[in-house]
Every structure is written in structure tokens, then in C-alpha cells.
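Worksheet for the structure shown next.
2 protein chains.
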Amino acid sequence: MSLIGIDLGGTKVQGVLVDDGQVVADAKLATPTSGVHDVVAAVVGCVARLGGPTSADGIGIGAPGVVEPGTGTLVRAPNLVGFEGRVPLAALLGEALGLPSSTSLVVDNDVNAAVVAEHRLGAGQGSDDVLGVWVGTGVGGGMILDGRLRRGPAGGAGEIGHVGVVVDGGRQCGCGLFGHLESYAGRASMESEARRRHQAGKPTRLVELAGDKRMKSSVFLKAFDVGDEVTLELLDEAVRALGVALASAATLVDLQLVVVGGGLAGKLGPRFVGRIEQAVRSRLFVRTSPLRVVPATLGELAGAVGAALLASGPAGASTALLASGPGA
Amino acid sequence: MSLIGIDLGGTKVQGVLVDDGQVVADAKLATPTSGVHDVVAAVVGCVARLGGPTSADGIGIGAPGVVEPGTGTLVRAPNLVGFEGRVPLAALLGEALGLPSSTSLVVDNDVNAAVVAEHRLGAGQGSDDVLGVWVGTGVGGGMILDGRLRRGPAGGAGEIGHVGVVVDGGRQCGCGLFGHLESYAGRASMESEARRRHQAGKPTRLVELAGDKRMKSSVFLKAFDVGDEVTLELLDEAVRALGVALASAATLVDLQLVVVGGGLAGKLGPRFVGRIEQAVRSRLFVRTSPLRVVPATLGELAGAVGAALLASGPAGASTALLASGPGA
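Written out as C-alpha cells, the structure is:
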């Protein structure tokens with residue numbers, strides 16, 4: 074079975090062609106910032122580089138927002154320019170690709186796709202109850218319960234970044250509300266807070282290294298490695314917030330495993346994930362819980378590979394079909 | 074189909090006999106505080122009053138603790154004297170009841186049972202994604218996802234009372250940890266806090282009304298009705314904590330409905346539930362979410378009726394069998 078998976082991100086469109094569970098080709102384009110029409114064209118271009126729509130039995134798209142189940146409409150995708158309102162992405166792509174009726178098209182949340190890949194082929198193998206938390210510019214999530222991706226009636230399940238960690242007030246989140254996990258552990262929120270503290274008279278290497286440019290994950294790593302005080306504080310706060318939110322999630326849904334992925338987590342490495350595990354374990358209601366917190370293992374292609382896996386069958390059951398992993 | 078359901082609580086053992094979806098008999102005993110042997114005998118006595126084990130096709134028990142799936146062993150039941158360690162409740166009851174092999178015995182968490190009843194016959198009818206939160210001495214919970222009770226690999230799913238609502242510190246919870254929902258919204262925690270404030274020089278009607286006795290839910294209602302300041306503060310804090318925890322749960326698992334039950338919530342009535350709904354809605358990540366927060370409707374028998382429903386078939390699928398409700 075040939076499947077194309079596309080990870081549609083805020084900066085790049087990453088595609089893979091998966092054949093019998095193996096990645097046999099990949100392609101990458103910059104994400105246009107000129108609106109829906111051009112983004113759709115970029116996805117079509119990425120599919121073309123992988124052999125075109127007729128080369129695959131199914132095409133899966135992971136998109137950075139809440140995806141309405143059934144329709145594949147993107148309800149909220151703040152990181153794509155021009156996607157402020159509801160965008161019927163599945164319908165637009167179906168038309169633009171001119172798909173043959175034998176080819177299925179599935180649109181799902183990008184982190185859902187990455188977590189499906191980690192569950193089937195990566196760090197989550199063998200665990201049926203897994204939460205993936207993707208710590209990057211923001212904080213995304215996806216959840217496998219009883220071996221199946223949980224979408225929820227509105228398609229919003231797994232959004233751990235917007236779980237509250239403070240009873241009143243707290244830092245403002247990118248979504249407009251206050252005191253969410255993302256406002257403490259997302260790279261963009263930590264950047265704002267670093268600049269605020271710098272300006273308030275507490276100089277930090279973070280601002281010196283980044284200057285006026287985006288404060289990349291590599292900047293956080295460099296400042297951490299030289300023991301910059303503000304960096305240590307911000308990361309402590311991030312770890313504590315992750316501890317509260319993940320322990321709460323583990324208590325509420327009863328989890329076996331948390332997989333930590335995303336750009337910032339990948340850059341900070343296993344010691345960051347180890348600290349998150351400690352923070353979670355000290356807060357677990359069932360103290361004998363075997364819960365583990367581990368790094369994602371599939372790297373940058375996880376989202377695209379997961380999107381391909383999601384296209385391998387009917388949306389609800391799709392994760393079962395490529396269960397045997399690469400080389401099967 | 075005849076089913077016996079038993080709600081084994083800290084103060085009473087409440088039983089019902091359910092015939093074709095109708096409660097046809099009920100029985101109540103005080104819960105012994107003299108250890109496991111006597112509690113098991115009380116459950117056997119309650120079953121006897123409802124016709125004995127041979128009168129039913131299945132017997133369901135709701136118990137106030139975490140129940141290990143598969144074995145029916147009670148892992149943690151702080152409100153039953155003598156149940157501090159692991160108690161193999163299903164095995165002990167099977168032996169004490171001398172069950173014929175044709176009669177199934179199911180042991181589950183008490184709030185899980187009550188939420189199954191509300192989902193099938195009460196406030197949760199028609200919703201497939203429901204969280205029940207039981208606000209009483211403590212704060213319990215149970216969760217229906219995609220129409221099925223979520224138990225989780227360790228049997229701990231749904232424990233919303235032990236979700237954190239404060240990033241660091243906060244009030245100590247009955248479970249020993251800090252900053253949990255239960256430490257703000259559970260009656261016992263609110264009682265401790267009221268007595269602390271009273272002693273610290275802020276007199277409250279709560280302590281004047283309760284004296285040295287347990288500060289019952291009716292005491293909270295009376296003090297609220299006369300506008301007692303400490304009572305208003307404590308209830309404000311409880312509502313805010315419920316807002317944070319329930320909005321987080323709704324975000325993480327994507328819910329349609331929250332059902333609020335339990336002794337304190339029942340006494341405070343619909344205006345309390347209305348305030349919780351406001352507190353949740355103002356904190357929802359997906360602001361267009363149709364989430365509703367409603368009072369439980371089945372009253373004190375919900376736990377026993379739900380336990381009977383859980384006994385109607387194999388544990389995982391049991392809730393489907395009596396789907397048509399009373400009078401079916």
C-alpha cells in the first residue's frame with residue numbers, strides 16, 4: 074500500500090511517500106504566507122513531487138489547528154496566514170488534487186498525526202494509553218486511548234497546551250486566555266517573558282544571543298549551557314507547569330506513557346525530558362503508577378509519517394493498519 | 074433481566090434490585106467501621122434483603138476507591154475503615170455470597186457507577202462524551218468517552234478531584250499532595266479551611282452552626298443563605314477551582330457535557346451548578362464549544378442503579394445493555 078503523508082506547518086510543508094511501512098521518498102517546500110489558495114497549491118506541489126495523487130492509495134494531511142471530524146474543516150489554525158476563520162481544507166484539497174475516487178484523503182491535527190506515528194513506530198510502541206506533548210513554538214498534544222487516537226466530538230481532544238495550571242490569572246497564553254501550560258512551556262511565551270525580564274532590568278543571554286530575531290530553540294540551549302539565570306528560571310517554570318499539567322492528565326485519563334516531542338524539547342534533549350518525568354512523578358495521585366515520560370524518537374518526519382498512517386484506512390480505525398512498522 | 078446493584082459508601086450500604094430497567098426494591102444498612110470482614114458481611118446482608126444472590130442474573134458493586142481492572146481488587150479506599158491496603162473485594166464477595174456460576178459479579182468505582190447511571194438514565198442521556206464530577210466530602214469523578222465508561226489501564230480514570238489547579242503549593246489535599254481540585258471544592262477540605270479561618274480571627278457561621286460536629290452540607294447551605302462572608306469566599310474558591318479543572322478536562326478530552334452530582338452539590342442546588350458552568354465557559358479554549366454543565370438527576374440511588382447497570386454484561390460493554398432506561 075502506497076501512502077502520501079503531508080505535515081503542513083507554519084514554516085514548511087513536509088511530505089513523505091510511505092510504501093509498505095517504509096519511507097521511500099520525501100519532499101519539502103516553504104509554507105506560503107499569502108493565504109489559503111497558495112497554501113493549498115503548495116500542498117498540491119508537494120504531492121506532485123512525491124509522484125502525484127495517482128501514485129498513492131491514500132493521502133493524509135496533518136494541519137496545525139483543530140480539525141472538525143467528518144468534514145476535515147480547519148476551525149482554528151493561528152500559525153497559518155489567511156486561516157483565521159473556518160477553512161474547508163479537505164474539500165479544497167480534494168478539488169485541487171483532482172483525486173480519483175479510489176484515493177482516500179484524511180485531514181487531521183498535526184500533533185495527532187505525529188503521536189500516531191510515535192505510537193505505531195516510535196517511542197509509544199507497546200503502550201495503549203499514551204499522551205504526546207509537543208513542546209515547540211506552542212505546546213500541542215495528541216492522545217491514544219485503548220490503542221486508538223482520541224479525537225472527541227469537536228476534534229479538539231489532546232490539546233494539553235491549553236490546560237490551566239494556575240487557578241487565577243497567570244501569564245497570558247497565545248490563545249488569549251490566562252495561565253495555560255503553553256504560556257509557561259511554549260517557546261514563544263518564554264521568549265516574550267525573557268524580553269520582558271530583560272527590559273525590566275534583569276539582563277539575559279537569551280536576548281543578547283537572539284537580538285531582534287526570533288529566539289530559536291538553539292538560543293535557549295546555548296543560554297542554558299552557560300548557566301544564564303533567566304534561562305534557568307524560565308525552564309524551571311516550564312518544567313513545573315509541565316509537571317502539573319501532565320500529572321493532571323495522567324490522573325484524569327489514566328495513562329501509561331507520555332511522549333515528549335517538538336522543536337524545543339528536541340533541542341534541550343533527554344535531560345529536559347528527565348526533569349519533566351521527575352516533576353510529573355512527584356505529583357501523581359496513584360504513587361505506584363508505572364507512568365513513564367520519554368522523548369519522541371522519530372524526529373522531524375513524525376508528523377508526515379503519521380499523516381500517511383492516518384490515510385491508511387477509515388479515519389477512526391486507521392492506526393491499526395500499519396501496525397507492524399517499518400520493514401514489515 | 075434481574076440485577077442487584079450495591080453502592081458501598083463510607084457511611085451506608087445502599088442496594089437496589091433492578092428488573093427490566095426498573096428499580097423494584099431497595100435496601101439500606103449502615104457501613105460497619107470494624108474492618109473488611111464486617112463490611113463484606115454487610116454487603117451480603119444487603120444482597121439478602123433484595124432476594125439473595127440467586128434472585129439476580131448479575132450483581133454490581135460500586136466501591137469508594139480505585140478498583141483494579143480485571144481483578145476487582147480495591148487499591149485505595151480511604152473512606153472505608155480497614156481498607157488501607159489492597160483488598161481483593163470481588164474475590165471476598167464471590168466467596169461470601171456463594172455465587173452460582175451463572176451470576177456475574179462486577180466491582181467498580183462508586184462514582185463510575187453513578188456516572189454510568191446518569192449517562193444511561195439521567196442527565197447524561199444522549200451525550201456520548203460526559204464527565205461526571207461528584208462534589209461531596211471529597212470530589213470524585215467518572216468519564217464516558219465515545220459512549221463507554223473509561224476505566225484506564227490502572228482503573229484510575231476520571232479522578233478529577235486530584236487534578237491540580239495551582240502550579241506550586243496550594244492547600245493540602247486529603248491524598249497528601251497539594252493544590253488539587255478536591256482541596257478547594259471538597260466538603261472536608263472546606264470544613265478544615267473554615268475552622269482555620271475562624272481560629273485565625275475571622276468568625277464564621279459555619280463553625281457556629283456545626284460546633285464540634287461534622288460540618289454537613291446543610292450547614293454550608295444555611296451559612297450561604299445568610300450571606301456569611303467566609304462561606305461566600307470558600308464557595309467562590311471552590312467554583313473557581315472547578316472552573317479551572319473542568320475547563321482543562323474539557324480541553325484535554327473534548328467533552329460535550331459535565332454532570333455535577335454529590336451531596337454538597339445536591340444541597341447547594343442548581344444555582345451552584347450554574348455558577349460552575351459560567352466559570353467553565355469563561356475558560357474554554359474552543360470558545361464556540363457547546364459544552365454544558367448540568368445537575369445530576371437520579372439522586373441518591375444513582376450509584377446503586379449504576380452498579381446494577383455495570384453488572385448487566387461484560388465489564389467493558391456493560392453500559393450498552395440497559396440503554397433504553399426505566400420502563401423499557
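Protein chains in written order, with my numbering: chain A, 74 to 401; chain B, 74 to 401. Glycine included, every Cβ here is placed at the ideal spot set by N, Cα and C.
Counted within 10 angstroms of its Cβ, other Cβ atoms place residue i as buried (16 or more) or exposed
| i | result |
| --- | --- |
| A103/B | exposed |
| P126/B | buried |
| P368/B | buried |
| H110/B | exposed |
| D202/A | buried |
| G247/B | buried |
| L305/A | exposed |
| Q329/B | buried |
| A384/A | buried |
| S362/B | buried |
| G209/B | buried |
| A187/A | buried |
| E141/B | buried |
| S174/A | exposed |
| S107/B | exposed |
Delimiting residues of the alpha helix (DSSP H) encompassing residue i
| i | result |
| --- | --- |
| P343/B | P343 to R354 |
| K85/A | Run containing K85/A: none in the alpha helix (DSSP H); it sits in the beta strand (DSSP E), K85 to D92. |
| G274/A | From DSSP, G274/A is part of no alpha helix (DSSP H); its letter is neither H nor E. |
Cβ of residue i within 8 Å of any chain B Cβ
| i | result |
| --- | --- |
| S256/A | no |
| V366/A | no |
| F358/A | yes |
| L315/A | no |
| V333/A | no |
| L218/A | yes |
| L383/A | no |
| Q329/A | yes |
| D54/A | The question about residue 54/A has no answer, for chain A in this structure spans 74 to 401. |
| L325/A | yes |
| S362/A | yes |
| D130/A | no |
Cβ shell of residue i (< 6 Å), same chain only, five flanking positions each side left out
| i | result |
| --- | --- |
| G225/B | none |
| G339/B | none |
| R122/B | A100 |
| A196/A | V332, V367, A369 and T370 |
| L74/A | Reading off the sequence, residue 74/A comes out as Met, not Leu. Answer for M74/A: D130, listed in chain order. |
| Q87/A | D80, K101 and A377 |
| V97/A | L90 |
| R287/A | none |
| G243/B | F251 and G252 |
Cutoff 8 Å: residue i Cβ touching any chain A Cβ
| i | result |
| --- | --- |
| S47/B | Missing from the structure shown is residue 47/B; chain B here goes from 74 to 401 and no further. |
| A322/B | yes |
| H110/B | no |
| L341/B | no |
| G205/B | no |
| V184/B | no |
| D285/B | no |
| D202/B | yes |
Sequence-distant residues of the same chain with beta carbon closer than 7 Å to residue i, five excluded per side
| i | result |
| --- | --- |
| I233/A | L204, V206, V212, G214, L254, A318 and A322 |
| R270/A | T277 and V303 |
| G118/A | L102 |
| T176/B | P126, A129, D130, G131 and I132 |
| G400/B | Only weak support is given to the placement of G400/B: the predicted model assigns it a pLDDT of 34, under 50, and the question is left unresolved by the model. |
| E264/B | M288 |
Same chain, Cβ closer than 8 Å to residue i, neighbours up to 5 away in sequence not counted
| i | result |
| --- | --- |
| F156/B | V109, V112, G138, L147 and A150 |
| V299/B | R278 |
| L357/A | A320, A323, T324 and L364 |
Residue i, enclosing beta strand (DSSP E) - first and last residue
| i | result |
| --- | --- |
| A103/B | Q95 to A103 |
| G214/A | V212 to L218 |
| V148/A | L147 to R149 |
| V180/B | S177 to N182 |
| D309/A | Segment E302 to V326 is the alpha helix (DSSP H) holding D309/A; no beta strand (DSSP E) there. |
| S75/A | S75 to L81 |
Closer than 7 Å, Cβ to Cβ, to anything on chain A: give me those residues from the stretch 132-161 of chain B, in chain order. Listed by position along the chain: V139.
If you measure beta-carbon to beta-carbon, which residues of the stretch 290-313 of chain A are closer than 7 Å to chain B? Only those residues of the stretch 290-313 of chain A whose C-beta falls short of 7 Å from the nearest C-beta of chain B are listed: R313.
Members of the stretch 222-251 of chain A near chain B, C-beta cut-off 8 Å: Residues passing the 8 Å Cβ filter: R223, R224, G225, P226, A227, G228, G229, A230, G231, E232, I233, H235, V236, G237, V238, V239, V240, D241, G243, C248 and L250.
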